[in-house]
Amino acid sequence: MNTLAKITLSAALILSIAVPFIVFMIGEKTKGRYKKALAGNIFMFFSVMAIATVLFLSGNAYAAGEADAVSSSAAGLGYISAALSVGLACIGGGIAVSAAASAALGAISEDGSILGKSLIFVGLAEGVCLYGLVVAFMILGRL
1 MNTLAKITLS
11 AALILSIAVP
21 FIVFMIGEKT
31 KGRYKKALAG
41 NIFMFFSVMA
51 IATVLFLSGN
61 AYAAGEADAV
71 SSSAAGLGYI
81 SAALSVGLAC
91 IGGGIAVSAA
101 ASAALGAISE
111 DGSILGKSLI
121 FVGLAEGVCL
131 YGLVVAFMIL
141 GRL
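For the sequence shown, full-length UniProt numbering gives the first residue as 1, with consecutive numbering after it.
Structure follows, in structure tokens:
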């Protein structure tokens with residue numbers, strides 16, 4: 001795919017996001033117009049993405065050597081699994097820390113003697129992120 005087509009697709013993606021937003025901002029801001037602008041935005045964005053996918057994938061494919069394809073595929077899946085283990089563990093740990101820390105602050109403001117107990121719960125929630133990191137290192141060590 002040549003550079004002009006890539007620039008055109010990039011401009012179309014930007015316009016598919018900007019045009020419904022600008023149309024909404026020009027008129028009166030009601031809930032119905034917001035829903036229509038959001039629906040237009042989603043429709044335009046995904047239709048441009050579908051067209052781009054068809055254009056990017058419409059080429060000749062050449063098979064690599066079978067051993068190279070298997071090893072690169074396994075390595076790629078290993079990297080994806082390592083990234084998912086860290087990412088999902090950190091998202092879960094962040095949710096747990098947000099809940100535990102806010103509850104701990106409320107409890108400490110009422111009774112200062114429970115600081116140690118509340119820090120344990122916050123620390124356990126942070127441990128989830130470390131477990132995800134350890135699993136990622138174990139996965140990367142096997143590649």
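From the three backbone atoms N, C-alpha and C, an ideal C-beta is built for every residue, glycine too.
Item: Leucine 4, enclosing alpha helix (DSSP H) - first and last residue; Value: 3-26
Item: C-beta contact flag for cysteine 129 and glycine 93 at 8 Å; Value: yes
Item: Own chain, CB closer than 8 Å to leucine 77, minus 5 neighbours either side, in chain order; Value: none
Item: Reference valine 97; option with closest CA among Leu119, Val134 and Thr53; Value: Leu119
Item: Nearest candidate by alpha-carbon position, reference lysine 35, set Met44, Val122 and Phe24; Value: Phe24
Item: 8 Å contact criterion, which serine 85 and alanine 125 should meet: CB distance rounded; Value: Not quite, the Cβ-Cβ distance comes to about 17 Å (not below 8 Å), so this is no contact.
Item: Three-state secondary structure (DSSP) of lysine 29; Value: coil
Item: Other residues of its chain near leucine 38: CB distance less than 8 Å, five sequence neighbours each side excluded; Value: Pro20
Item: Buried or exposed (CB count within 10 angstroms, at least 16 for buried), alanine 11; Value: exposed
Item: DSSP state of serine 58 mapped onto helix, strand, coil; Value: coil
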